[in-house]
Structures are given as C-alpha cells and as structure tokens.
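S.K.: Residue numbers (my numbering): 390 to 445.
For glycine and all other residues, C-beta sits at the position ideal for the given N, C-alpha and C.
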Amino acid sequence: MLQTMVPKSFRAMKFYFTTVYQEIWVGVAITAYAYYKISYGGKKAVADKSSGAGHH
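(1) For G430 and I413, what's the separation of their Cα atoms in angstroms?
(2) Taking only the alpha-carbon atoms, compute the straight-line gap between G416 and A423 and give it to the nearest angstrom.
(3) CA-CA distance, Q411 and T420?
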C-alpha cells in the first residue's frame, strides 16, 4: 500500500517544486525584503526624520 503511494507523491512533489515552489520563493523573497525594510529601514528612516526635525 505504502510502496504504491510513494511514486504518486514523488510525482506530485516534483510538480510542486518545479512550478509552485518558484512562485512561493518569489513571494517569500518579497515578504522578507518588505519585512527587512519595515523592521530595519523603517526604524532608521523614522529616527532620521525625528532627529532631523529636532535639529531644524
């Protein structure tokens, strides 16, 4: 029973990795970049704006 299911899952995984996985990686890359910009770049930008306004 299990041996007959292995090839089917393998085929499904191959399809998953070749087509869907690429789209997921694009989404992951965009999400990670956005998270990085918000968590790091956002804080720096806010700090720069507040300190710049304080100096002026």
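M.R.: On the basis of the supplied data:
(1) If you take the alpha carbons of G430 and I413, they lie about 24 Å apart.
(2) C-alpha separation (whole angstroms): 10 Å.
(3) So the two alpha carbons sit approximately 14 Å from each other.
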